[in-house]
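Asker:
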Amino acid sequence: YTSGKGSSAAGLTASVVREPSTREFYLEGGAMVLADGGVVCIDEFDKMRDEDRVAIHEAMEQQTISIAKAGITTILNSRTSVLAAANPVFGRYDDMRSAGENIDFQTTILSRFDMIFILKDEHNEGRDMTIARHVMNVHMDRPSETAASEFSIEKMKNYISYCKLKSAPRLTKEAAEKLSS
298 YTSGKGSSAA GLTASVVREP STREFYLEGG AMVLADGGVV CIDEFDKMRD
348 EDRVAIHEAM EQQTISIAKA GITTILNSRT SVLAAANPVF GRYDDMRSAG
398 ENIDFQTTIL SRFDMIFILK DEHNEGRDMT IARHVMNVHM DRPSETAASE
448 FSIEKMKNYI SYCKLKSAPR LTKEAAEKLS S
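The sequence shown begins at 298 in the numbering used here and counts up one residue at a time.
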């Protein structure tokens, strides 16, 4: 797990670090390398700087990260699924605007995701109270009820595995136009 707000390109991919005592360089894997074979979760994806977001293009498309720094030239595996969460451009999803206007990401990054879900916060006082109670219980070390609509970790793992095996999304002409505008 990492946050887009505080993550650098090196923290997401890899960096070359100098060992102070020997003065030799070594590679240090970032979140995408450390999550090889698993899932990397990036919260606040919208808060990430554009240049840091661009750094994960290769990792998402080729499942590798190329390094050529300080005399070290190599390719690292980053065979990972990316689960990213972002907020709408205006702080709240605006139903009067298109999805593209609400989600202000370059087509180059959006095209690397197999699936994109838009989750809206529907105003529901009862549900909001349930969530608030749950958060309070977690922070006060009290047992909390699991809502019937929540997914278990095992169910999420199975869903991601299923999507990897069976998902072959195709864009309609209209969807491609929306993504490019």
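Where is the CB? At the ideal position from N, CA and C, for every residue including glycine.
For Phe448, count neighbouring Cβ atoms within 10 angstroms of its own Cβ and tell me buried if that reaches 16, exposed if not.
Answerer: Exposed, since its Cβ has fewer than 16 Cβ neighbours within 10 Å.
Asker: Rounded to a whole number of angstroms, what is the C-alpha to C-alpha distance between Thr299 and Gly308?
Answerer: Their Cα atoms are separated by approximately 9 Å.
Asker: Whole alpha helix (DSSP H) runs in the stretch 317–362 with 4 or more residues, listed along the chain?
Answerer: Segments of the alpha helix (DSSP H) lying fully in the stretch 317–362: 328–331, 347–351 and 354–359.
Asker: Under the rule that 16 or more other beta-carbon atoms within 10 Å means buried, what is Ser375, buried or exposed?
Answerer: Burial call: buried.
Asker: Can you name the start and end residues of the alpha helix (DSSP H) that Ser458 belongs to?
Answerer: Here the alpha helix (DSSP H) through Ser458 covers Ile450 to Lys463.
Asker: So, with DSSP's three-state summary, where would you put Leu309?
Answerer: The answer is helix: DSSP assigns Leu309 an H, G or I state.
Asker: In whole angstroms, what separates the C-alpha of Ala382 from that of Ile428?
Answerer: Each residue's Cα considered, the two are about 19 Å apart.
Asker: CB-CB under 7 Å to His348, same chain, minus the five flanking residues each way: which ones, in chain order?
Answerer: The question names His, but residue 348 in the sequence shown is Glu. The answer, listed in chain order, is Ala306.
Asker: DSSP on Arg394, reduced to helix/strand/coil?
Answerer: It is coil, neither helix nor strand.
Asker: Among Ala365, Asn455 and Thr319, which residue has its Cα nearest to the Cα of Val336?
Answerer: For the residues Ala365, Asn455 and Thr319, the minimum Cα distance to Val336 belongs to Asn455.
Asker: Taking the alpha carbon of Ala328 as the reference point, which residue from Lys344, Arg315 and Gly301 has its own alpha carbon closest?
Answerer: Closest option to Ala328, Cα to Cα, is Gly301.
Asker: DSSP three-state call for Leu407: helix, strand or coil?
Answerer: Here Leu407 sits in helix by DSSP.
Asker: Consult DSSP for Ser304 and reduce its assignment to one of helix, strand or coil.
Answerer: In this structure, Ser304 counts as coil in the three-state DSSP scheme.
Asker: Buried or exposed for Ile372, please, with buried defined as at least 16 other CB atoms from any protein chain shown within 10 angstroms of its CB.
Answerer: Exposed.
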